[in-house]
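Taking it in order: structure first as structure tokens, then the write-up.
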Amino acid sequence: MAEKDQTKLKAQIAELKAQKNAVIFAHYYTRPEIQEIADFIGDSLALAQEATRVDADILVMCGVHFMGETMKILCPDKKVLIPDMNAGCSLADSCKAEDLAAFKAQHPDHMVVSYVNTSADVKALTDVVVTSSNAKKIVDQLPADAKIIFGPDHNLGSYINSVTGRNMLLWNGACHVHSRFSLEALLKLKAENPGVEVLAHPECKAPILAQSDVIGSTKALLEHTVKSSAKRFIIATESGILFEMQRACPDKEFIPVPPEVTEGIGCSCNECEYMRMNTLEKVYACLRDEKPEMHVEKETAEKAVSSIQRMLQMS
Ligand code: 13P
Ligand code: SF4
Numbered sequence: 002m003a004e005k006d007q008t009k010l011k012a013q014i015a016e017l018k019a020q021k022n023a024v025i026f027a028h029y030y031t032r033p034e035i036q037e038i039a040d041f042i043g044d045s046l047a048l049a050q051e052a053t054r055v056d057a058d059i060l061v062m063c064g065v066h067f068m069g070e071t072m073k074i075l076c077p078d079k080k081v082l083i084p085d086m087n088a089g090c091s092l093a094d095s096c097k098a099e100d101l102a103a104f105k106a107q108h109p110d111h112m113v114v115s116y117v118n119t120s121a122d123v124k125a126l127t128d129v130v131v132t133s134s135n136a137k138k139i140v141d142q143l144p145a146d147a148k149i150i151f152g153p154d155h156n157l158g159s160y161i162n163s164v165t166g167r168n169m170l171l172w173n174g175a176c177h178v179h180s181r182f183s184l185e186a187l188l189k190l191k192a193e194n195p196g197v198e199v200l201a202h203p204e205c206k207a208p209i210l211a212q213s214d215v216i217g218s219t220k221a222l223l224e225h226t227v228k229s230s231a232k233r234f235i236i237a238t239e240s241g242i243l244f245e246m247q248r249a250c251p252d253k254e255f256i257p258v259p260p261e262v263t264e265g266i267g268c269s270c271n272e273c274e275y276m277r278m279n280t281l282e283k284v285y286a287c288l289r290d291e292k293p294e295m296h297v298e299k300e301t302a303e304k305a306v307s308s309i310q311r312m313l314q315m316s
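Numbering (this note's numbering), first residue to last: 2 to 316.
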């Protein structure tokens with residue numbers, strides 16, 4: 002889109018936002034122009050926390066479906082809009098509620114800890130929700146002898162097992178973006194940039210995490226780049242975060258780790274296509290028409306809210 006059209010659209014969005022007492026939330030993985038118009042940018046934990054604090058009639062969640070659902074569950078009296086209902090999440094899709102229910106039935110003595118990247122139906126079957134920001138902190142607070150099912154991200158679950166000394170039963174799900182970073186490319190980048198720290202999201206596979214100096218949620222990685230005196234960093238997470246890193250640290254350099262390219266089906270980018278479905282045009286249209294609106298079935302929301310609130314209390 003031409004720059005002048007973007008400027009016009011941004012002004013129209015600002016006007017609608019003021020008229021309708023709306024607040025725009027965006028995840029760090031969204032397009033730069035979406036992060037520019039957002040009132041609040043955050044990782045999944047911060048987005049959920051902030052949603053409960055804002056005083057607005059309409060919340061627009063520029064992220065993916067489960068983030069809008071979480072927001073609606075926490076703020077049932079507010080109108081929650083999401084610019085594109087098709088913005089899903091491969092990780093959330095890797096755990097269907099009926100499969101989790103069957104797994105729970107096979108392990109009746111286990112409690113369920115679920116990553117926030119799950120559907121409301123899965124959260125309704127969960128004892129406590131976690132995000133990558135607070136997973137260690139929350140698992141550490143559970144009774145030492147608790148038997149735990151952790152899902153759906155296998156990479157995050159293995160990492161949390163390794164840092165907590167737990168032996169949680171892991172669901173075999175993964176994020177298609179974080180599991181495709183190339184170890185070979187990372188080793189090459191490390192060799193070309195000796196001494197440069199590697200920052201990785203815990204959804205990455207174990208061999209990538211083993212080569213990383215800092216492992217954390219998008220917010221934790223961002224905060225590290227701001228606090229550190231280093232000037233260059235190698236980044237293994239979705240590339241949308243680079244926009245905020247560069248904005249926060251204009252004098253620093255961020256080197257993204259590329260994904261593996263499998264012949265024929267390989268993708269040459271480390272972008273989450275679901276996050277990129279949020280565009281200025283869609284934000285404008287959803288504010289103007291007040292749709293698509295997020296709805297969560299009452300019974301599901303009532304069950305899911307306890308596992309999310311437990312997370313907020315334990316964070
Ligand atoms: P954060 O919890 O770091 O925001 O991550 C969410 C996500 O979808 C990562 O792929
Ligand atoms: Fe889901 Fe992966 Fe996209 Fe995050 S990056 S929203 S886990 S598909």
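Ideal Cβ placement from N, Cα and C applies to all residues, glycine included.
Remember, predicted model here, so these are calculated numbers, not experimental data.
So, does the stretch 47–60 touch the stretch 74–93, judging by three or more C-beta pairs under 8 Å?
Below 8 Å, enough C-beta pairs join the stretch 47–60 and the stretch 74–93 to call them touching: three or more.
Closest by CA to THR1, which one among ALA147, ARG181, ILE309?
Residue coverage of the chain in this structure runs from 2 to 316, which leaves residue 1 outside it and unanswerable.
Find the nearest neighbour of GLU245 within the set ILE38, LYS21, LYS11, PRO153, judged by alpha-carbon distance.
In terms of CA proximity to GLU245, ILE38 leads the group ILE38, LYS21, LYS11, PRO153.
For LYS253, the three-state DSSP class (helix, strand or coil)
Coil, per DSSP.
Candidates LEU101, ILE139, ALA207: which alpha carbon is nearest GLN314's?
Comparing alpha carbon positions, the residue from LEU101, ILE139, ALA207 closest to GLN314 is ILE139.
Only counting the same chain, and skipping five residues up and downstream in sequence, which positions put a Cβ closer than 8 Å to that of HIS137?
This sequence places Lys at residue 137; His is not what is there. Counting only residues of its own chain and dropping the five nearest sequence neighbours on each side, LYS137 has a CB closer than 8 Å to the CB of ILE161, VAL164, THR165.
Using a Cβ-based criterion (distance less than 7 Å to any ligand heavy atom), does VAL81 qualify as near ligand 2?
No, the beta carbon of VAL81 sits no closer than 7 Å to any heavy atom of ligand 2.
Considering just the uninterrupted stretch of the beta strand (DSSP E) at SER308, what are its terminal residues?
Counting along the chain, SER308 falls outside any beta strand (DSSP E), though it belongs to the alpha helix (DSSP H) covering 299–315.
Kindly indicate which three-state DSSP category GLY267 falls into: helix, strand or coil?
Caution is warranted here: a pLDDT of 44 is assigned to GLY267, below 50, making its placement in the model unreliable, and no coordinate value can be reported.
Roughly how many angstroms lie between the CA atoms of ASN327 and GLY158, to the nearest whole one?
Only positions 2 to 316 of the chain appear in this structure, which leaves residue 327 out of reach.
Under the rule that 16 or more other beta-carbon atoms within 10 Å means buried, what is ASP44, buried or exposed?
The residue in question, ASP44, is buried, as its Cβ has 16 or more Cβ neighbours within 10 Å.
Three-way DSSP call (helix, strand, coil) for ASP122 in this model:
The answer is helix: DSSP assigns ASP122 an H, G or I state.
From GLN50 to PHE41, what distance separates their C-alpha atoms?
If you take the alpha carbons of GLN50 and PHE41, they lie about 11 Å apart.
Report all residues from its chain with a CB closer than 8 Å to the CB of ILE266; omit the five preceding and five following residues, and keep chain order.
Any reading at ILE266 is ruled out, since the residue's pLDDT is 42, under 50, leaving its predicted position unreliable.
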